[in-house]
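Data block below; observations after.
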Amino acid sequence: MTSLPAPAAGAKKLGLVIDLDTCVGCHACAVNCKEWNTGGHSAPLPDFDPYGADVSGVWFNRIHTFEAGEGSDSRTVHFPKSCLHCETPACVTVCPTGASYKRAADGIVLVNAETCIGCKLCSWACPYGAREFDADEGVMKKCTLCIDRIYNENLAENERVPACVSTCPASARHFGDLGDPASDVSKLVEARGGYALMPEMGYAPVNRYLPPRAAKTAPGCTGAPAELDRPAEAAGIHPLLRWMDKLLSR
Amino acid sequence: MHPAFSVIFFTTASGAGYGLLFLVAIANALGFVPSSGWFAFATLGAATALIVSGLLASTFHLGHPERAWRALSQWRSSWLSREGVAALATFVPLSVFGIAWTFFGRTQGGFAIAGLVAALGAALTVFTTAMIYRSLRTIRQWHNCWVVPNYLAHALSTGALLLHLAAQIFGRPQAIVGVFAIIAVLLAAFAKSRYWNFIDTTKSASTPESATGLGARGKVRLLDPPHETENYLQKEMGFRIARKHAAKLRTMVRWFAFAFPAALTILSLVFPGRPLGMALAFLAALFALAGTLVERWLFFAEARHAVTLYYGAREI
């Protein structure tokens, strides 16, 4: 049924929180996502012409790198993007067959590959590029938030997180219930000013992005010894006096 | 957006078919058209052929055409599903109307009403087709109030030109049918020019800054894409080939979809009947259908999808 589940107070909203401050852009999350999911719920994730010049394939997670701002104030930001598991996703409501659905129990948006007709309309409706067409199987595929990991009792409890979260070497990815204000992820979003992408589209994404922290341009703010500041103010002083000053400052 | 030829052919052909059905049913109820079974066979047969070939073509771009029947189930939320339901439902009154008229020469009373119900179904089907595009917030060039008038006006104008052609072929040229066709073409031209004006003068609220949420730092630009070659999203949503030629293609639409058909129809009113009026009406309908194919191609090619903001687009 592609009508959305009725919103319920305190309902679970499983999702990701992605820290743009610490992401190093290594693409490990995308690779581990591909590795897990090509054997998981939506397996396989095909690659076309994998060793040729025009390689393409289905990936649920892609890492873009942006530059924000100008000159010395600019910042390079690595930007992982996967399904945001929106609260009111148009990709679900446009589906003519009921193959696209949002689970009432945890808010995860999924595709039933058995009933998908491959009309691609859901991918047109998603502004975030979360859905990719599998031309081999003729059906649409997307991030499942690793439903086959997070509820998997064959895995050790600390491994019951999405593949992308488990693999991140910089701990830039966090998984949890964003519907519960007391959860770790909700507190993290609160503390760091986490935000949603393209809120103007009105799809109410669940995933949150933590903005890069303010750049530290003066040495003092990095915790370096305060005398590092001095050469600038002491620029006009004789080298001998500067050496003496350094010696006596010890 | 990548223009899938099957979808372009479908909306053009079935649009003309529904337009023709709509007008034949109304003209029949008003007594403007010949009551011969052959006229019904030609017009309603052509309308049905256009509709059916369009609907069949629309299933070609599906990954699983054999599951197309499932698309009838989600009419509560999906305009695509509603389109399927409206299209199928319209065949019921169309069959009653068409069979009664073609084979039994019955065109009045309940059969005329069946025709009007089919006309309503035709209008609703074209409306639902337009709403599939109109409802997508991801594409500013589709999510606006001129899309539905455009689809309706093009269906009406191509349908009216086909009806005018049929009237000429059957040696029953009616000035009112020709005049109506000219008005419908002018309406379509007006709707299209308003549409182009809208997409040329408005801006999307979505930008690379809102897409990344990094706008507080200033301008956001793509430094490195996620991969070197194009993925599905870029091929499907980031199609740019026809956009380069948008100005030329718009000129083609203006001439072929509007100017030539209107002028040829005026000429066919001056020289009515066979063979000259018929030939002119034929050319008018042919040019309008060709122009509408280009117009639909442009409708896709000029559509800029929000996801392209993540792949280097400055604006959508």
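Protein sequences appear in the order of chains U and R. According to my numbering, the first sequence is numbered sequentially starting from 316. According to my numbering, the second sequence is numbered sequentially starting from 32. Each residue gets a CB set at the ideal place from its N, CA and C atoms; glycine is no exception. Note that the coordinates shown come from a computational prediction; the quantities given were computed from them, not determined experimentally.
- In the three-state DSSP reduction, residue 456/U falls in the strand class (E or B).
- DSSP places residue 252/R within a strand segment (E or B) once states are collapsed to three.
- At a cut-off of 7 Å, the C-beta of residue 87/R has no neighbouring C-beta in chain U.
- Between residue 422/U and residue 393/U, the C-beta gap is not smaller than 7 Å, which leaves the two residues out of contact.
- Interface residue (Cβ-Cβ distance to chain U less than 7 Å): residue 264/R is classified as such.
- Of all residues in the segment 433-448 of chain U, those with a C-beta nearer than 8 Å to a C-beta of chain R are 433, 434, 435, 436, 438, 439, 440, 441, 442, 443, 444, 447 and 448, reading in chain order.
- Contact check for residue 152/R against residue 121/R passes: the beta carbons are separated by less than 7 Å.
- Residue 251/R has a beta carbon lying within less than 7 Å of a beta carbon in chain U.
- When 9 Å is used as the limit between beta carbons, residue 510/U is near these residues of chain R: 244, in chain order.
- At least one CB atom of chain U sits nearer than 7 Å to the CB of residue 257/R.
- Here residue 298/R is not near residue 317/R, since their CB atoms are 7 Å or more apart.
- Close partners of residue 115/R in chain U (Cβ separation under 7 Å): 411.
- Distance from the CA atom of residue 272/R to the CA atom of residue 216/R, rounded to whole angstroms, is 28 Å.
- For residue 57/R, the enclosing alpha helix (DSSP H) starts and ends at 36-61.
- Taking a Cβ-Cβ cut-off of 9 Å, the neighbours of residue 379/U in chain R comprise 243, 253, 254, 255, 256, 257, 341 and 342, given in sequence order.
- In the displayed model, residue 363/U falls within a strand according to three-state DSSP.
- Assigned with DSSP and collapsed to three states, residue 336/U falls in coil, not helix or strand.
- Within the segment 268-338 of chain R, complete alpha helix (DSSP H) segments of at least 4 residues are found at 277-284, 291-301 and 307-332, given in chain order.
- Within the segment 101-133 of chain R, contact with chain U at the beta-carbon level (separation under 9 Å) is assigned to 101, 102, 103, 104, 105, 106, 107, 108, 109, 110, 111, 112, 113, 114 and 115.
- Separation of residue 209/R and residue 341/R (C-alpha to C-alpha, rounded to the nearest whole angstrom) is 50 Å.
- About 6 Å separates the Cβ atoms of residue 200/R and residue 309/R, confirming a contact at the 8 Å cut-off.
- The alpha-carbon separation between residue 410/U and residue 302/R amounts to approximately 51 Å.
- Interface with chain U (7 Å Cβ-Cβ cutoff): residue 38/R is excluded.
- Every beta strand (DSSP E) of 3 residues or more that sits fully in the segment 186-268 of chain R is shown, in chain order, as 251-255.
- Taking the Cβ atoms as the reference, residue 95/R lies roughly 5 Å from residue 432/U, within the contact range of under 8 Å.
- Residues of chain R with a Cβ closer than 7 Å to the Cβ of residue 318/U are, in chain order, 107 and 108.
- The shortest C-alpha to C-alpha distance from residue 231/R to any of 177/R, 88/R and 242/R is the one to 177/R.
- Note on geometry: alpha-carbon atoms of residue 491/U and residue 101/R lie some 35 Å from one another.
- If you look at residue 478/U, you'll find it in the alpha helix (DSSP H) that goes 478-482.
- For residue 559/U, no CB of chain R lies under 7 Å from its own CB, so it is not counted at the interface with that chain.
- Straight-line measurement puts the Cα of residue 517/U at about 34 Å from the Cα of residue 187/R.
- Classified as buried, residue 292/R has 16 or more neighbouring CB atoms from the shown chains inside 10 Å of its CB.
- Here residue 475/U has 464, 465, 466 and 467 as same chain residues with Cβ atoms under 8 Å from its own Cβ, once five neighbours each way along the sequence are excluded.
- With a cutoff of 7 Å on beta-carbon distance, residue 166/R and residue 110/R are scored as near each other.
- A contact is defined here as three or more CB-CB pairs under 8 Å, and the segment 188-196 of chain R fails this definition with respect to the segment 246-262 of chain R.
- Beta-bridge pairing by DSSP links residue 382/U to 391/U and 252/R.
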